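Chemist: So for the sequence shown, our numbering puts the first residue at 9; every next one is plus one. Quick reminder that beta carbons are idealized off the backbone N, C-alpha and C, glycines included. Quick caveat: nothing in here was measured; it's all calculated off a predicted structure.
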Amino acid sequence: MTRVNPLVPRGSSAERPFDVVVTPENAGWEYSSLRVVHLPVGGRVRFPTGCDEMLVVPLAGGCDVACDDERLTLTGRRSVFSRVTDFAYLPRGTQVTLRAPNGGRFALPAARADRTLPFRYGAAEDVPVELRGAGQASRQVNNLCTPDTFETDRLIACEVLTPGGNWSSYPPHKHDEQGDGECSLEEIYYFEVAGSPAGGHGCGYQRVYGHPDRPIDVCAEVRSGDVVLIPYGWHGPSMAAPGYDLYYLNVMAGPGERRWLVRDDPAHGWVRGRWAAERVDSRLPLTSVREKRR
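(1) Ordered along the chain, which non-local residues of its own chain (more than five positions away) have a Cβ less than 8 Å from that of G189?
(2) Can you grab the Cα-Cα spacing for the pair I224 / R215, in whole Å?
(3) Below 8 Å, can you find three or more Cβ-Cβ pairs linking the segment 156–164 to the segment 125–133?
(4) Output the distance between the C-alpha atoms of P263 and T81, rounded to the nearest integer angstrom.
(5) To test your reading of the DSSP string, which unbroken beta strand (DSSP E) runs of 3 or more residues are found completely within the segment 58–100?
(6) DSSP three-state call for E33: helix, strand or coil?
(7) Can you tell me which residues form a DSSP beta bridge with H211?
(8) Identify whether D27 lies in helix, strand or coil by the three-state DSSP scheme.
(9) Would P32 and R120 qualify as a contact pair, given that the criterion is a beta-carbon distance under 8 Å?
(10) Going by DSSP, what residues sit across from R46 in a beta bridge?
(11) Quick test of your reading: D273 and P179, contact by CB under 8 Å. State the CB separation rounded to the nearest angstrom.
(12) What does DSSP give as the partner residue(s) for Y217 in the beta ladder?
(13) Assess contact between the segment 135–150 and the segment 66–84, defined as three or more Cβ pairs (one per stretch) separated by less than 8 Å. Is contact present?
(14) Work out the CA separation of G143 and V28 for me, nearest whole Å.
(15) Which of the three DSSP states is assigned to A132 in this structure?
(16) For G233, which residues in the same chain have their Cβ closer than 6 Å to its Cβ, ignoring the five residues on either side in sequence?
(17) Determine the burial state of M9: buried for a count of at least 16 other Cβ atoms within 10 Å of its Cβ, exposed for fewer.
(18) Reducing DSSP to helix, strand and coil, say where M9 ends up.
(19) Between the beta-carbon of P117 and the beta-carbon of V73, is there less than 8 Å?
(20) Taking the CB atoms as reference points, tell me whether L42 and A115 lie closer together than 8 Å.
See below:
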């Protein structure tokens, strides 16, 4: 069982200088973690990777990344709803400094690692953008760091953009057992919600439910900066309220071979069979490698 509640509201896990801190220790599991840091104009943060491999994923703004004696620059983006971003891979056992000349907000998804891989750059142009589902289950997946797109030891990370009124992470599925078409992966959802033209702040909803012998029951309103932890169980749908596009960053890692195999809830898996007769939502893709104008 997780040591913190599966729902981690914005600010509740903050440890300076980070706004979000989810680790194997405070989540009560073994592999997956996430930090989010906000840097002011000219701000910087320094940290060790320790036993973890990490990514630097710009959520808003760009930054310079120094990893031991190597350096690179991330262009980033204005927001998660404006562009597919570039990113950096950080090996375990290194000292890292992020510097944001114009300020910004940055996610650091991570996983406990055995191998030490090289520090390197992930270009936005190399991130496959996938449209999944159809009709009101249409969504966009930016495959930043999945088994087929970017090499890591254990870490899997992707972004999902769901147009307002649609459902994603649907049908509900799980990945908490090894074998027979499924692999064991601990998962973190980090959410952001697009604002309204009137300046209002929207919300979405997340569902997680368990097995008879492994109970978990989440049906939560989520807003920008909130996190949901999924140690096991069926998860989905992720619901975007009408008028408010929903973003989430998925972070996954587990003990076995680095694969992303899931099992649909058999009560709802039949829904996939209807997608062939439906069109993908015409609003998709919401973003590309080109920055949207304001």
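Modeler: The structure says:
(1) L269, R271
(2) 10 Å
(3) yes
(4) 32 Å
(5) 60–75, 78–85, 95–98
(6) helix
(7) Note on residue identity: the sequence assigns Cys, not His, to residue 211. Note: C211 sits in no beta bridge, so no partner.
(8) The answer is strand: DSSP assigns D27 an E or B state.
(9) yes
(10) Checking the displayed sequence, the identity of residue 46 turns out to be His instead of Arg. H46 pairs with R113.
(11) 6 Å
(12) D225, W242
(13) no
(14) About 34 Å.
(15) If DSSP states are grouped into helix, strand and coil, A132 belongs with the helices.
(16) R18
(17) With a pLDDT of 45 at M9, under the threshold of 50, the modelled position of that residue is not reliable, and no figure is offered here.
(18) Here M9 scores only 45 on pLDDT, less than 50, and its place in the model should not be relied on; the value that follows carries that caveat. In the three-state scheme derived from DSSP, where H, G and I count as helix and E and B as strand, M9 is classed as coil.
(19) No, they are not a contact pair.
(20) yes
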